[in-house]
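Student: Structure in structure tokens, see below.
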Amino acid sequence: MKSHTRAKSELPYILMGTPAVVLFAIFFVVPLLYTVRYSFYNWTNFSPDITWAGLTNYKKIFSDSTVLRGIKNSLVYAFFTVTFQSLIALPVASVLNTKFRGRNFYRAAFFCPAVLSTLVVGYLWKYILSAGNSGLINSILTSFGLETINFLGNGKLALASIIFTQVWQWFGWSMVIYLGNLQSINADLYESASIDGASTFRKFWHVTIPGLAPAIKINLVSGMISGLKVFDVVLSMTGGGPAHKTDTILLLMYSKFSDGNYGYAAAFGIMFLLVSMALSAVLLGLFGKWERRLGQ
Numbered sequence: 244m245k246s247h248t249r250a251k252s253e254l255p256y257i258l259m260g261t262p263a264v265v266l267f268a269i270f271f272v273v274p275l276l277y278t279v280r281y282s283f284y285n286w287t288n289f290s291p292d293i294t295w296a297g298l299t300n301y302k303k304i305f306s307d308s309t310v311l312r313g314i315k316n317s318l319v320y321a322f323f324t325v326t327f328q329s330l331i332a333l334p335v336a337s338v339l340n341t342k343f344r345g346r347n348f349y350r351a352a353f354f355c356p357a358v359l360s361t362l363v364v365g366y367l368w369k370y371i372l373s374a375g376n377s378g379l380i381n382s383i384l385t386s387f388g389l390e391t392i393n394f395l396g397n398g399k400l401a402l403a404s405i406i407f408t409q410v411w412q413w414f415g416w417s418m419v420i421y422l423g424n425l426q427s428i429n430a431d432l433y434e435s436a437s438i439d440g441a442s443t444f445r446k447f448w449h450v451t452i453p454g455l456a457p458a459i460k461i462n463l464v465s466g467m468i469s470g471l472k473v474f475d476v477v478l479s480m481t482g483g484g485p486a487h488k489t490d491t492i493l494l495l496m497y498s499k500f501s502d503g504n505y506g507y508a509a510a511f512g513i514m515f516l517l518v519s520m521a522l523s524a525v526l527l528g529l530f531g532k533w534e535r536r537l538g539q
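Letter 148 of the sequence shown, counting from 1, is numbered 391 in my numbering, and no numbers are missing.
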């Protein structure tokens with residue numbers, strides 16, 4: 244009788260959750276299973292036959308120097324973008340958490356770029372960094388008699404230039420997350436630290452940083468995953484050039500699909516999923532240990 248009553252009381256929640264589960268299964272689980280299946284097949288646009296390939300597609304991924312460079316570029320992009328975003332966003336959030344005239348204006352101004360489309364930002368910065376006569380930065384340099392800099396055509400500068408644009412766009416997003424967390428830290432902790440004679444740096448290191456543990460975890464984990472998924476800004480700014488110097492995982496996967504190598508692209512997608520899951524597990528494990536140490 245109790246189980247019947249419990250099932251009856253839970254029925255509305257089951258009915259409300261069912262559409263979400265069904266949509267998740269249709270648009271994620273089923274495509275994922277098909278992708279896993281086709282990653283083991285030799286399926287191309289050049290042959291009408293879809294034949295079993297086993298692990299051939301996966302072996303090709305790790306024997307292709309272009310692919311390995313794309314994986315490296317994605318990891319480098321994700322690491323430096325997240326690092327510089329936090330190094331800028333954290334002190335800016337700390338300053339904007341204090342009371343001074345015009346702080347709401349600065350909060351909005353720093354956050355505004357995050358509202359823009361990444362594709363639009365890519366084309367905007369492509370124009371600004373252009374080595375031609377239309378490039379804003381190079382126009383300024385030449386007006387002072389300096390040589391132009393080929394930001395996007397130089398293999399040593401292209402990826403760094405893309406990282407710079409994305410730090411500019413997204414540090415405001417990280418700032419807002421830090422700002423929200425800062426406002427939840429108990430002010431009594433700072434007063435106690437002041438009574439104990441703690442300096443500003445010690446209060447920041449021993450009170451602010453531990454209090455920001457949830458925000459730091461959110462920013463770093465989500466930032467790393469977003470960094471690995473970078474696609475549109477690279478497509479709009481360099482298209483993976485020059486000479487594949489800015490290729491990323493998703494850009495290469497897109498090119499494989501465009502070339503008609505569907506089985507290989509499917510294997511690429513599964514590999515990307517596994518790398519993302521492994522990286523997320525490592526980061527969450529590290530942050531879990533840190534949070535447990537703070538709780539002791």
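We put the beta carbon where it would ideally sit given N, CA and C, even for glycine.
Note that this is a predicted model, so its numbers are computed, not measured.
1) Taking contact to mean at least 3 C-beta pairs separated by less than 8 Å, is the segment 385 to 401 in contact with the segment 302 to 316?
2) I want to know whether the segment 365 to 374 touches the segment 462 to 481 - three or more CB-CB distances under 8 Å.
3) If you draw a straight line from the alpha carbon of residue 353 to that of residue 415, how long is it in whole angstroms?
4) Under 8 Å, do residue 506 and residue 286 count as touching if we go by C-beta distance?
5) Residue 397 by DSSP, collapsed to three states: which one?
6) Which partner residues does residue 295 have in the DSSP bridge list?
7) For residue 467 versus residue 516, is the C-beta spacing smaller than 8 Å?
8) Quick check on the DSSP output: the alpha helix (DSSP H) that includes residue 331 runs from which residue to which?
9) Which residue or residues does DSSP assign as beta-bridge partners of residue 504?
10) For residue 426, does the three-state DSSP call read helix, strand or coil?
11) Whole alpha helix (DSSP H) runs in the segment 433 to 476 with 4 or more residues, listed along the chain?
12) Check residue 359 in the structure and name its three-state DSSP category.
13) Could you check whether the segment 267 to 282 touches the segment 434 to 448, counting it as contact only if at least three pairs of C-beta atoms, one from each stretch, sit closer than 8 Å?
14) Report yes or no: do three or more beta-carbon pairs, one from the segment 450 to 462 and one from the segment 325 to 342, lie closer than 8 Å?
15) Using C-beta distances below 6 Å, list every residue in its chain close to residue 365, excluding the 5 sequence neighbours before and after it, in chain order.
16) Can you look up residue 369 in the DSSP assignment and give me helix, strand or coil?
17) Our contact map puts residue 508 next to residue 496 with C-beta atoms below 8 Å; I'd like the distance itself, whole angstroms only.
18) I'd like the span of the alpha helix (DSSP H) that includes residue 376, first residue to last.
19) Mapping the DSSP letters down to three states, classify residue 414 as helix, strand or coil.
20) Closest to residue 452 by CA distance: which of 381, 333, 396 and 360 is it?
21) Considering only C-alpha positions, which residue in the set 325, 449, 379 and 254 is nearest to residue 412?
22) Give the straight-line distance between the Cα atoms of residue 359 and residue 402, rounded to the nearest whole angstrom.
23) By DSSP, does residue 261 sit in helix, in strand, or in coil?
24) If residue 503 and residue 271 are in contact, beta carbons under 8 Å, what's the gap, nearest whole angstrom?
Tutor: According to the structure shown:
1) no
2) yes
3) For the purposes of this step, residue 353 is taken as residue 110 along the sequence shown, with counting starting at 1. For the purposes of this step, residue 415 is taken as residue 172 along the sequence shown, with counting starting at 1. In a straight line, the C-alpha of residue 353 is about 5 Å away from that of residue 415.
4) As a first step, residue 506 is located in the sequence shown; it is residue number 263 there, counting from the start. As a first step, residue 286 is located in the sequence shown; it is residue number 43 there, counting from the start. Yes, the pair counts as a contact, with Cβ atoms nearer than the cut-off.
5) Mapped onto the sequence shown, residue 397 falls at position 154. Coil at residue 397, not helix or strand.
6) Translated into positions along the sequence shown, residue 295 becomes position 52. In DSSP, residue 295 forms a bridge with 284.
7) To locate residue 467, count along the sequence shown from 1; it is residue 224. To locate residue 516, count along the sequence shown from 1; it is residue 273. Result no, Cβ atoms of residue 467 and residue 516 do not sit closer than 8 Å.
8) As a working mapping, residue 331 is identified with position 88 in the sequence shown. Segment 308 to 339, the alpha helix (DSSP H) holding residue 331.
9) Taking the first residue of the sequence shown as position 1, residue 504 is located at position 261. DSSP output for residue 504 lists 287 as bridge partner(s).
10) Reading the sequence shown from its first residue, position 183 is the one you call residue 426. Residue state, collapsed to three classes: coil.
11) 443 to 446 and 456 to 471
12) On the sequence shown, position 116 is the one that residue 359 refers to. It is coil, neither helix nor strand.
13) no
14) yes
15) Along the sequence shown, one-based indexing puts residue 365 at 122. Excluding sequence neighbours, residue 365 sits near 476, 479 and 480.
16) If you number the sequence shown from 1, residue 369 lands on position 126. Looking at residue 369 - three-state DSSP - the assignment turns out to be helix.
17) Locating residue 508 in the sequence shown gives position 265, counting from the first residue. Locating residue 496 in the sequence shown gives position 253, counting from the first residue. Indeed, because the Cβ distance is near 5 Å, the residues count as touching under 8 Å.
18) In the sequence shown, residue 376 corresponds to position 133, counting from 1. Counting along the chain, residue 376 falls outside any alpha helix (DSSP H), and DSSP gives it neither H nor E.
19) Residue numbering aside, residue 414 sits at position 171 when the sequence shown is read from its first letter. Three-state result, residue 414: helix.
20) As a first step, residue 452 must be located in the sequence shown, where it is residue number 209. For residue 452, the nearest C-alpha among the options comes from 333.
21) Position 169 of the sequence shown, counted from the first residue, corresponds to residue 412. Ranking the options by Cα distance to residue 412, first place goes to 325.
22) Counting from 1 along the sequence shown, the entry for residue 359 is found at position 116. Counting from 1 along the sequence shown, the entry for residue 402 is found at position 159. Taking the straight line from one Cα to the other gives about 21 Å.
23) One-based indexing of the sequence shown puts residue 261 at position 18. If DSSP states are grouped into helix, strand and coil, residue 261 belongs with the helices.
24) Looking up residue 503 in the sequence shown gives position 260. Looking up residue 271 in the sequence shown gives position 28. With 8 Å as the limit, residue 503 and residue 271 do not qualify as a contact, their Cβ atoms being about 25 Å apart.
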